[in-house]
Every structure is written in structure tokens, then in C-alpha cells.
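Worksheet for the structure shown next.
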Amino acid sequence: MGYLIHILLAVVFLAVAEEQPMRGSVGAIDTGDTGGTEGPGGAASMLLPWAVALLALVPYAAASFVRRQSLRGRFRSAEAGFAFLHWSPPFLSLPGLLAFGWLDSVAAWTGSRPSRVEWPDLDLLLALAPFVVYGLATADARARLLEPRGARGPTRRFHARLFLAALAPVVLYVVIAWALGLARGLRVNVEQVRLFGAAFGAGMLLLFVIVLPAVLTSTWSTEPLPAGGARDLFLAVARRARFACRRIFLWRTGRQMANAAIVGVLPGTRRVLFSDALLERLDDRQLAAVFAHEIGHAKRRHVLSFGAWALG
């Protein structure tokens, strides 16, 4: 949930940046006789991507601040610093877009300025690239803060996978829409004919319902739960509850989280995940209760509600 809000904020900030005028025409250069400033293609603006990259150091500075405050017993300050660390990716993208002209730099490289209100193009992903870098930097800084040197890998991978899994639907939508937009006739019909537009929207929604469970289980570190033991227990509970799912997965979190999840709306695409830490800590009766809880999410259509919220 938290990373979806991160993405929403990043898109809102991108919309704010799109409303700002360009600093100059693409490819404009300083002639030297007027003392003018370069456009996005000029020499001075080539420094802007470096300024955007330097912001990736902020999460590490925040993590260092949290560590120092914790060691000094200033726990409220440390808690505030950790909250800043968690929310830093979208808010770091804002100065990159507004102060350092990232969209102008993208326009200089691609020949067009990214826009979320026009037909999706791959340059939209490039516009979101700083946000992705800041998200991965935050995952690394969090691991360095919370774990000793030899144990940082699992924590880093776990948070990076959660972040990328939340981002995967956005990337999937942009890539599919861009590919369909290459057929100019289809694109014009979708943009201009309401029936085609409605069919396109319904088709994209159906596609997401079908493929998102597979995308999420592929982005997270998962594997089918081995036969026997917990798997046989879960299948027995499913039969008694008349519950159907495609597969039950072991969710490898590096023992970072004891949790379970259910993804997928249709029985043919539905998947239930149990984290490694959860399977290690609970006995059979407790695991059966957790599985019944996940079945309750499906029976009460919570998955559909959350999916609609996420797609919205």
C-alpha cells in the first residue's frame, strides 16, 4: 500500500512539472553574443542530470542521521528521520523535475517532452527514472541502517522487490499502450471513437486482471510451496472451505516479514503466498487460521476492492 501511494505522489509531481514552461527550445544553444541561457540541449543543461543524480545521496544522509540520533537516545528525532527516509523517493523527484529541469533534459534526448495526458510513450518511463533510482537508493540505505554488513542483502532485495512490484503495473501499462499506439489507425480510433476507447479500457482492465498475479509473483521472490507438510494442510482447508486457487507459494523475504497475501480475483489466476518467516514461526493450527483469513479476503471480495483501488 505504501509504495502505491509513493507512485501516486510521483505521478502528481510529474503533472505539476508538466505545467511548467520549458526553459528553451529543444536543441537550442548559447551563441555567446547575448549572454543568454541554453535550452535543454545546451551545454549548461547537460549538468542537470548530474544534479538529479546527486539527490540519490539524500537517503543515505537520512539513514546516517537516524543512526546518530538513535545512538544518542533521541528517538523522536530518529523516528522522524526514518519517516523522511521512507517517503523520500517521490519528494526527491519534485526538485529534480522543477528545479533541475529533468523533463527538459528528457526532451533534449528524445526530441519530445513527456506528457501523461497524451498517448503513453516510452519517454514517460524515462521521466519517472529519477523516482525509481531514489526508491532503490532508499531500499539500500534502509538495509545499511537496519542490518549489519553481512546481512544487508536480504533486506535490500526484499524492499527493492516490494517497490518494483508496485511499479510493475505502471510499466506494463505504458509499454502495452505504447506498442498498440504504433498502429496509427488503432490509436486514432481509440482516441476519437468512444466505442473503441471503451473497448480499449475494458481490454486493458481484463488483461491486468489476468496477468497481474503472475507479474507480482514473478517480481516478488516466490516459488511453489513444496508438496507435503504445510501444502497438504492448506489444500485440506481449501477443500473444506470450497475455495479454489491456482497455486500456493512460498514467499522468500529473507525472513524480513511474517505475513501472508492473496493476489488475483478469478479462481484461475488466484494465488496465495506465505512468507518464509511466517511458515517457520507458526504451528499447523495457526497456519490453518492464517489461510482461512486469506480465504476470507476472497470470500468478502477484498481482493477486488483493493485491485480497483490500485488500478484507479
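Here the sequence shown is numbered in our numbering, starting from 1 and rising by one per residue.
The C-beta atom is built at its ideal place from N, Cα and C for all residues, glycine as well.
Remember, it's a predicted structure, so these values are computed and weren't measured experimentally.
Query raised in the report: Using the rule of at least 16 other Cβ atoms within 10 Å of the residue's Cβ for burial, across every protein chain shown, is Pro-59 buried or exposed?
Result: Numbered from its first residue, the sequence shown carries residue 59 at position 59. The residue in question, Pro-59, is buried, as its Cβ has 16 or more Cβ neighbours within 10 Å.
**Report entry** According to DSSP, residues forming a beta bridge with Leu-250
**Finding:** Here residue 250 refers to the residue found at position 250 of the sequence shown. Answer is Glu-223, Phe-274.
Query - Burial state of Trp-119 (16 or more Cβ within 10 Å) - result: Residue mapping note: residue 119 aligns to position 119 of the sequence shown, counting from 1. Classification of Trp-119: exposed, given that the 10 Å Cβ count is below 16.
Query raised in the report: Which residues in the same chain have their Cβ closer than 7 Å to the Cβ of Asp-33, if we skip the five residues on either side of it in sequence?
Result: Here residue 33 corresponds to residue number 33 of the sequence shown, with the count starting at 1. Confidence in Asp-33 is poor, its pLDDT being 43 and thus under 50, which makes the residue's placement unreliable; the coordinate value appears in the next sentence. Cβ neighbours of Asp-33 beyond the five flanking positions: none.
Report task. Measure the CB-CB distance between Ile-262 and Ala-298 and report whether it falls below 8 Å. Result -> As a first step, residue 262 must be located in the sequence shown, where it is residue number 262. As a first step, residue 298 must be located in the sequence shown, where it is residue number 298. The answer is yes: Cβ separation under 8 Å.
Query raised in the report: Based on Cα-Cα distance, which residue from Leu-304, Pro-169, Gly-73, Leu-98 lies nearest to Met-204?
Result: The residue given as residue 204 occupies position 204 in the sequence shown. Considering only alpha carbons, the answer is Pro-169.
**Report entry** Distance between Arg-156 and Arg-228 (C-alpha atoms, nearest Å)
**Finding:** For this step, residue 228 is matched to residue 228 along the sequence shown. For this step, residue 156 is matched to residue 156 along the sequence shown. Here residue 228 turns out to be Gly, not Arg, going by the sequence shown. Rounded to whole angstroms, Gly-228 to Arg-156 spans 31 Å at the Cα level.
Requested in this report: Starting from Ala-261, trace the beta strand (DSSP E) both ways and give me its first and last residue.
Outcome: Within the sequence shown, residue 261 is the residue found at index 261, counting from 1. 260-263 is the span of the beta strand (DSSP E), which, as asked, contains Ala-261.
Report task. Report buried or exposed for Val-272, applying the criterion of at least 16 other Cβ atoms within 10 angstroms of its Cβ. Result -> Here residue 272 refers to the residue found at position 272 of the sequence shown. Burial call: buried.
Query raised in the report: Which two residues bound the contiguous alpha helix (DSSP H) that contains Val-170?
Result: Stepping through the sequence shown from its first residue, residue 170 is reached at position 170. Looking at the DSSP string, the run of the alpha helix (DSSP H) that includes Val-170 is 152-181.
Query raised in the report: Hey, how far is the Cα of Ala-260 from the Cα of Gly-111?
Result: The residue you call residue 260 lines up with position 260 of the sequence shown. The residue you call residue 111 lines up with position 111 of the sequence shown. When rounded, the distance between both Cα atoms is 46 Å.
Report task. Pick out whichever of Phe-234, Val-106, Arg-76 has its Cα sitting closest to the Cα of Pro-49. Result -> If you number the sequence shown from 1, residue 49 lands on position 49. If we check each option's Cα against that of Pro-49, Val-106 comes out closest.
Query raised in the report: What whole-angstrom Cβ distance do Leu-216 and Leu-128 have, given they're in contact under 8 Å?
Result: Sequence index remark: in the sequence shown, residue 216 carries index 216 (1-based). Sequence index remark: in the sequence shown, residue 128 carries index 128 (1-based). With a Cβ gap of about 19 Å, Leu-216 and Leu-128 do not count as contacting.
Report task. Mind reading off the beta-carbon distance from Leu-145 to Val-209? Whole number of angstroms is fine, and I expect it under 8 Å. Result -> Translated into positions along the sequence shown, residue 145 becomes position 145. Translated into positions along the sequence shown, residue 209 becomes position 209. 38 Å between Cβ atoms; not a contact.
Report task. Tell me whether the beta-carbon of Phe-234 lies closer than 8 Å to the beta-carbon of Trp-251. Result -> If you number the sequence shown from 1, residue 234 lands on position 234. If you number the sequence shown from 1, residue 251 lands on position 251. Contact flag unset, no.
**Report entry** Proximity winner among Trp-109, Thr-138, Gly-135, Gly-181, relative to Leu-126 (alpha-carbon distances)
**Finding:** Along the sequence shown, one-based indexing puts residue 126 at 126. Nearest C-alpha to Leu-126: Trp-109.
Query raised in the report: Mind checking whether Phe-55 and Tyr-134 have CB atoms under 8 Å apart?
Result: As a working note, residue 55 is residue 55 in the sequence shown. As a working note, residue 134 is residue 134 in the sequence shown. In the sequence on display, residue 55 carries Leu and not Phe. In contact: Leu-55 and Tyr-134 (Cβ atoms closer than 8 Å).
Requested in this report: Please state whether DSSP places Ala-241 in a helix, a strand or coil.
Outcome: Working through the sequence shown from its first residue, we reach residue 241 at position 241. If DSSP states are grouped into helix, strand and coil, Ala-241 belongs with the helices.
Report task. Give the straight-line distance between the Cα atoms of Ser-305 and Ile-295, rounded to the nearest whole angstrom. Result -> By 1-based counting over the sequence shown, the position of residue 305 is 305. By 1-based counting over the sequence shown, the position of residue 295 is 295. Looking at the two C-alpha atoms, the distance is approximately 15 Å.
Query raised in the report: Taking 7 Å as the line, does the beta carbon of Pro-130 fall inside it for any heavy atom of the ligand PLP?
Result: You won't find the ligand PLP in this model; it holds no ligand whatsoever.
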